[in-house]
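To keep things clear, I will list the structure first and then write my remarks on it.
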Amino acid sequence: MNSYSKTSRLMQRGCDFLGSETAILCGAMSWVSERNLVSAISNAGGFGVIACGAMTPDLLDTEIAETRKLTDRPFGVNLITMHPQLFDLIAVCEKHAVGHVVLAGGIPPKGSVEAIKGGQNPAKVICFAPTLALAKKLLRSGADALVIEGMEAGGHIGPVSTSVLAQEMLPELAEDHLIFLAGGIGRGQAIAGYLEMGAAGVQLGTRFACATESIAHPNFKKAFFRASARDAITSVQVDPRLPVIPVRALKNKGTDEFTRKQIEVAGVLDREEIAMAEAQLQIEHYWAGALRRAVIDGDVENGSLMAGQSVGMLKEEEPVAAIIEKLMSQSEEALARR
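Numbering (UniProt numbering), first residue to last: 1 to 338.
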């Protein structure tokens, strides 16, 4: 990799923490962030993260082992906090001496951070923080680093933009803590700006979704190349009793189907046939299936095309190494002009 002295200097804390050449993480995208893409990103100097999603412990065990066959560089594993087998999944990560575990989808349940950090193969814990108050709480509770993700991102999102979160949280936290920025980042110029504000690094998902090494179906990739930023819209919550985290995806029949799914689940709740936790789990299972239809089967009409607003910057399939090199070069040029 070329020498990008100014960018590398600003990324140094993040690189030291991750053990990678660049402090560029790949967001955990279900069905996309698997062994092939994760290993390619780590081999290219970034930091790949396996998306565990709805995997069973056995499936995660296999995925980590297969990823290790493809790279000897560090990579992480993203675990969903509401997964019913979360502690079993943590045990699988410990078995494989995974160095970094990312907890996503909610506040980590009691004992989970301790389990990750306190085993025979202790790992670093990275958490998502949508507000400053929660960020401080997570850091007090043992998180080693945070990802601050704005609403421009794809998949599950919060209500505040990346630029506002950066202005609110980096001045308060970045001097003493490792903070990674995510959401809507598609070019290196944005990376340079967030690094100058104090970020230790960045996380990108959409930018890597259509990489050459991504196993996503050609139909999925073509849908991304055709899309503009305004095509990536957020889902609508139809019942306030069913706290569904909004999801950003390209609008299609699958978007409308999710609205119908919420109405169906709300009706089951009305009849008191299931508990709230089960209702939320059904919603998550819906997304896992809808994503698979789009990513693996290529059904871009009925599946879920989760994408961030940076999707409009994607025009062609590129190797991961070229993407990372382009991002670093753009960042370096921006910093050199300062």
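For glycine and all other residues, C-beta sits at the position ideal for the given N, C-alpha and C.
Checklist line | Met276 burial status per 10 Å Cβ neighbour count (16 or more: buried) | finding: In the sequence shown, counting from the first residue as 1, residue 276 sits at position 276. Classification of Met276: exposed, given that the 10 Å Cβ count is below 16.
Item checked: Opening and closing residue of the alpha helix (DSSP H) in which Lys253 lies -> In the sequence shown, the residue the question calls residue 253 occupies position 253. Its alpha helix (DSSP H) spans residues 253-270.
Checklist line | Ala166 vs Leu178 beta-carbon contact at 8 Å | finding: For the purposes of this step, residue 166 is taken as residue 166 along the sequence shown, with counting starting at 1. For the purposes of this step, residue 178 is taken as residue 178 along the sequence shown, with counting starting at 1. No, Cβ-Cβ distance for Ala166 and Leu178 is not below 8 Å.
Margin query: Taking 7 Å as the cut-off, is the beta-carbon of Glu34 closer than that to any non-hydrogen atom of the ligand NAP?
Written below: This structure does not include the ligand NAP; it has no bound ligands of any sort.
Margin query: Given this structure, state the Cα-to-Cα distance separating Ala51 from Thr22, to the nearest angstrom.
Written below: Residue 51 sits at position 51 when you count from the first residue of the sequence shown. Residue 22 sits at position 22 when you count from the first residue of the sequence shown. Their Cα atoms are separated by approximately 20 Å.
Check: Is it buried or exposed for Lys124, if we count other Cβ within 10 angstroms and need 16 for buried?
Finding: Residue mapping note: residue 124 aligns to position 124 of the sequence shown, counting from 1. Classification for Lys124: buried.
Check: At which residue ranges does the stretch 40-74 contain complete beta strand (DSSP E) runs of 3 or more residues, listed in the order of the chain?
Finding: 48-51
Item checked: Alpha-carbon spacing of residue 344 relative to Ala192, whole angstroms -> Because the chain here runs from 1 to 338, residue 344 falls outside it and cannot be looked at.
Notebook entry, point to check: DSSP on Arg293, reduced to helix/strand/coil?
Noted result: Here residue 293 corresponds to residue number 293 of the sequence shown, with the count starting at 1. Looking at Arg293 - three-state DSSP - the assignment turns out to be helix.
Checklist line | Whole-angstrom distance between Leu305 and Ala290, CA atom to CA atom | finding: Against the sequence shown, residue 290 aligns to sequence position 290. Against the sequence shown, residue 305 aligns to sequence position 305. Taking the straight line joining both Cα atoms gives about 8 Å.
Check: For Phe17 versus Ser42, is the C-beta spacing smaller than 8 Å?
Finding: As a position in the sequence shown, residue 17 is number 17, starting the count at 1. As a position in the sequence shown, residue 42 is number 42, starting the count at 1. It is not a contact, given that the beta carbons lie outside the stated cut-off.
Next item on the list: Starting from Ile90, trace the alpha helix (DSSP H) both ways and give me its first and last residue.
Entry: Your numbering for residue 90 matches position 90 in the sequence shown. It spans 86-95 - the alpha helix (DSSP H) in which Ile90 sits, taken as one unbroken run.
Next item on the list: Could you name the residues of the same chain whose beta carbon sits closer than 6 Å to that of Gly48, not counting the 5 residues immediately before and after it, in chain order?
Entry: Locating residue 48 in the sequence shown gives position 48, counting from the first residue. Excluding positions up to five away in sequence, the list reads Cys26, Val38, Ile41, Ser42, Phe75.
Next item on the list: Name the residue from Ala97, Val77, Asp88 whose alpha carbon lies nearest to the alpha carbon of Leu103.
Entry: Here residue 103 corresponds to residue number 103 of the sequence shown, with the count starting at 1. Closest option to Leu103, Cα to Cα, is Val77.
Notebook entry, point to check: Just the Cα atoms here: how many angstroms apart are Ser5 and Ile90?
Noted result: What you label residue 5 is simply residue 5 of the sequence shown in a count that begins at 1. What you label residue 90 is simply residue 90 of the sequence shown in a count that begins at 1. Answer to the nearest angstrom: the Cα atoms are 37 Å apart.
Check: Would the beta-carbon of Ala216 fall within 8 Å of that of Val238?
Finding: By 1-based counting over the sequence shown, the position of residue 216 is 216. By 1-based counting over the sequence shown, the position of residue 238 is 238. Going by C-beta atoms, Ala216 is not nearer than 8 Å to Val238.
Note to self: Does His156 come out as helix, strand or coil in the three-state DSSP assignment?
What the structure shows: On the sequence shown, position 156 is the one that residue 156 refers to. Strand at His156.
Note to self: Determine whether the beta carbon atoms of Gly154 and Thr162 lie at a separation below 8 Å.
What the structure shows: Translated into the one-based positions of the sequence shown, residue 154 becomes position 154. Translated into the one-based positions of the sequence shown, residue 162 becomes position 162. Contact flag unset, no.
Checklist line | Of the listed residues Pro240, Ala209, Arg271, Asp58, nearest to Ala294 (C-alpha basis) | finding: By one-based count along the sequence shown, residue 294 stands at place 294. That would be Ala209, whose Cα lies nearest to the Cα of Ala294.
Next item on the list: Check the DSSP bridge columns for Ile148 and list the partner residues they point to.
Entry: Here the question's residue 148 lines up with position 148 in the sequence shown. Leu181, per the DSSP bridge assignment.
Note to self: Whole angstroms are fine: how far does the CA of Met82 sit from the CA of Asp72?
What the structure shows: If you number the sequence shown from 1, residue 72 lands on position 72. If you number the sequence shown from 1, residue 82 lands on position 82. Going from the Cα of Asp72 to the Cα of Met82 covers about 30 Å.
Next item on the list: Note down the Cα distance separating Gln282 from Asn252, rounded to an integer number of angstroms.
Entry: Residue numbering aside, residue 282 sits at position 282 when the sequence shown is read from its first letter. Residue numbering aside, residue 252 sits at position 252 when the sequence shown is read from its first letter. Their Cα atoms are separated by approximately 21 Å.
Margin query: Quick check on this structure: which residue in Met29, Ser20, Gly14 has the alpha carbon closest to the alpha carbon of Ile296?
Written below: Position 296 of the sequence shown, counted from the first residue, corresponds to residue 296. Selected option, being the one with the closest Cα: Met29.
Next item on the list: Please name the residue in Ala115, Thr212, Gly142, Asn121 whose C-alpha comes closest to that of Cys127.
Entry: To locate residue 127, count along the sequence shown from 1; it is residue 127. It is Gly142.
Next item on the list: Starting from the Cα of Glu284, find the closest Cα among Asp270, Ala223, Ile263, His156 and give me that residue.
Entry: As a first step, residue 284 is located in the sequence shown; it is residue number 284 there, counting from the start. When each option's Cα is compared against that of Glu284, the closest is His156.
Next item on the list: Give me the Cα-Cα distance between Leu138 and Met197, rounded to the nearest whole angstrom.
Entry: Translated into positions along the sequence shown, residue 138 becomes position 138. Translated into positions along the sequence shown, residue 197 becomes position 197. Using only the alpha carbons, I get a separation of about 21 Å.
Item checked: Contact between the stretch 219-236 and the stretch 312-326 (3+ Cβ pairs under 8 Å) -> yes
Notebook entry, point to check: Exposed or buried, what is Ser3 when buried is set at 16 or more other beta-carbons lying within 10 Å of its beta-carbon?
Noted result: Counted from its first residue, the sequence shown places residue 3 at position 3. Ser3 comes out exposed.
Notebook entry, point to check: Would you call the CB atoms of Val300 and Ala44 closer than 8 Å?
Noted result: Reading the sequence shown from its first residue, position 300 is the one you call residue 300. Reading the sequence shown from its first residue, position 44 is the one you call residue 44. No, they are not a contact pair.
Note to self: Pull the bridge partners of Lys124 from the DSSP assignment, please.
What the structure shows: On the sequence shown, residue 124 is found 124 positions in, with the first residue counted as 1. In the DSSP output, where bridge partners are listed per residue, Lys124 has His100.
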